[in-house]
Amino acid sequence: MTTTPTYLDSVSVQLYLNGGWVDISQYVVEDINADWGILNNSPTDRIGYVGGMTIKLNNNSGIFTPNTVNTLNGWKIGVKVRLVLTFGGESYVRFKGRVKRIGLSYKVNEITIVPVHVVDWFDEAINTKIFLQQIESNVNTADAVITLLNLTPTPPDNTDIDDGEDILKAVFTTADTKSTVYSELSKLALSEFAFIYLKKDKIHGETLRVEKRQSRIAKNVSTSLVFNNMYEMETDFGENLINELTVRNNPVRVDDTLQVLFSLDEPIEIGAGQTLPDMMVTYKDPTGGGLRINGTNLQTPVINTDYKMWSNRNGTGTDLTSNLSFTVEFGTSGAIIRSLTNTGDTTGFITKLDLRGYGVYTDNPIELFFEDTPSISNYGIAPFTYNNHYQSNINISKAIGKLVLSQNKENQIIPREIKLIANISPDMMNAFLNLDVGDLIQIQHNEHNINGKYFIHSVNFRIYQGGKIEFKWGLTDAYLADKVYWILGRVNYSELGTTTIVSF
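Numbering (this note's numbering), first residue to last: 15 to 518.
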């Protein structure tokens, strides 16, 4: 590659204020740092982390101090921010997110500086609880992802979602009170044996990419460049060695008759005309033991059958049940009892409050065990467990297990990260601007005898004052990119003698 000093036309930091993007680049001081992608490259690293960008603003005027008379109109936690880089007359939205943290001001050479940290959409996914989500049956990964996106207050600006390779019998069956959109996306990525991440694409700066299991098979390299001029490479030797593998399937068992999934442990006193705060309750195994379970086919409580209120704590005296009113919102792992009200003029005691439905149980997993005896003999035991969460097809789990074992049974040098300078040529600058997580590249490194294909797994960069750009790509092995698999009944994948490796 010919070395030609190359710089961006412009660097623009913009805020979304009052319905439009406002350039605040004149206030930016010091370097701009950003990172996103999938943090590590083990078989279970299948979802991106919360990406971030750090900028520092000149605050001599006080406009970036929140909640003062001088504060810039609209400046606050949560405001949208984007970084727009221009090169060759074309603009690239290289990061987009929302302000997560506005730091305390400090002075450097008579300049008052405010540090600002921006996070991408995954932060919202992490903070969006799904307690009231119901179990869904016979859906593919794409269907389940769309359900989760509809739960978020603000979905990502753009999506690129593949249809899943197969139908999942049930999803959200292991959700609990702490489950979030992000944690369920992670389970879906593991169940699909694919990747979910954010791409900082040129136009939107924020595209949620949901791959299917086959999406990286026989994939073409994203650029004609061969990356052999990195100024630093981090490598692992044997970091992902696996020669004893357990793949866990989680079959779902569902009751076929109604069971009491929640009941009161003791009476609740409620005054005349009083409305109690909303109550969150969880389902428990009706056979005892206190094990938390999930539920489906939940029933609206029926007076006298499911709830009772008396004038005495021990369930005697006057029957006041007709004075008790409330509503219930059901979720897969529990319910919220709202507006629990005593409409009468006498204090009552709620002695019975049952929620009935079908219990959903995942307490009896099936574990497939794989091992490679020669690898164990050569390197010692290196165990690993892969939880398939919502995948119930044993044949798919078997194929995944064989693939993971074959890919990781040897001690090998794996390039974990490469560091590059965007300014060395127009080609490298274009690579920095256009290549992102999920793109396939060719890497050469003579010292470690590396010459192969790798997917970009994460992106990290720093734009210095003056225009220098250092960037890093985290990598994962493109083990499947050169493979051609046999997929029964699919043209160009099912020709015996040509594409004869059974796919998963």
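Each residue gets a CB set at the ideal place from its N, CA and C atoms; glycine is no exception.
All figures in this text were calculated on a predicted structure; none of them were measured in a lab.
### Query
Can you tell me whether D134 is buried or exposed, with buried defined as 16 or more other CB within 10 angstroms of its CB?
buried
### Task
Just the C-alpha distance for F475 and A189, rounded to the nearest angstrom, thanks.
36 Å
### Task
Specify the secondary structure class of A232 as computed by DSSP and reduced to three states.
coil
### Task
Could you check which residue in L334, R306, D333 and E343 has the C-alpha nearest to that of D377?
R306
### Task
Tell me whether the beta-carbon of L259 lies closer than 7 Å to the beta-carbon of G415.
yes
#### Entry: Those residues which DSSP pairs with V261 across a bridge
L382 and Y400
### Bounding residues of the beta strand (DSSP E) (the contiguous stretch that carries Q458)
L454 to H459
### Task
Please determine if the region 460 to 468 and the region 34 to 52 are in contact, where contact requires at least 3 C-beta pairs separated by less than 8 Å.
no
### Message
Suppose the cutoff is 8 Å on Cβ atoms and the five residues either side in sequence are ignored; what does the same chain contact list for E246 look like?
### Response
I432 and K433
### Task
Give the secondary structure of Y196 by DSSP, where H, G and I count as helix, E and B as strand, and everything else as coil.
helix
### Message
Judging by CA-CA distance, which residue of N81, T310, R115 and L255 is the nearest neighbour of N425?
### Response
L255
### Task
For the beta strand (DSSP E) holding M67, just list the boundary residues, first then last.
Y63 to N72
### Query
By Cβ distance, which residues of its chain are closer than 8 Å to P265, with the 5 residues on each side in sequence left out?
T376, N378, P379, I380 and S406
#### Entry: Closest residue to I175 among T191, S197, R227 and T126 (Cα-Cα distance)
R227
### Query
Which residue's Cα is closest to the Cα of G33: N263, Y21, G88 and F109?
G88
### Query
Whose CA, out of I38, L29 and S56, lies closest to the CA of V418?
S56
### Query
Under 7 Å, do Y400 and V185 count as touching if we go by C-beta distance?
no
### Collapsed DSSP secondary structure at P429 in the structure displayed
strand
#### Entry: Cβ-based neighbour list, A158, same chain, cut-off 6 Å, excluding 5 preceding and 5 following
V185 and L202
### Query
How is Y21 classed by DSSP in three states: helix, strand or coil?
coil
### Query
Is it buried or exposed for L502, if we count other Cβ within 10 angstroms and need 16 for buried?
Residue confidence is low: L502 scores 48 on pLDDT, short of 50, so the model does not pin down where it sits. No coordinate-derived value is stated.
### Query
Just reading off the beta strand (DSSP E) that S472 is part of, what are its end residues?
I464 to I477
### Query
Roughly how many angstroms separate the alpha carbons of F398 and L97, rounded to a whole number?
40 Å
### Message
If you measure between the beta carbons of V440 and T68, is that distance less than 7 Å?
### Response
As written in the sequence, residue 440 is Pro, which differs from the Val given in the question. Their beta carbons are not under 7 Å apart, which means P440 does not touch T68 by this criterion.
### Query
When burial is assigned at 16 or more other CB atoms within 10 Å of the CB, is K192 buried or exposed?
exposed
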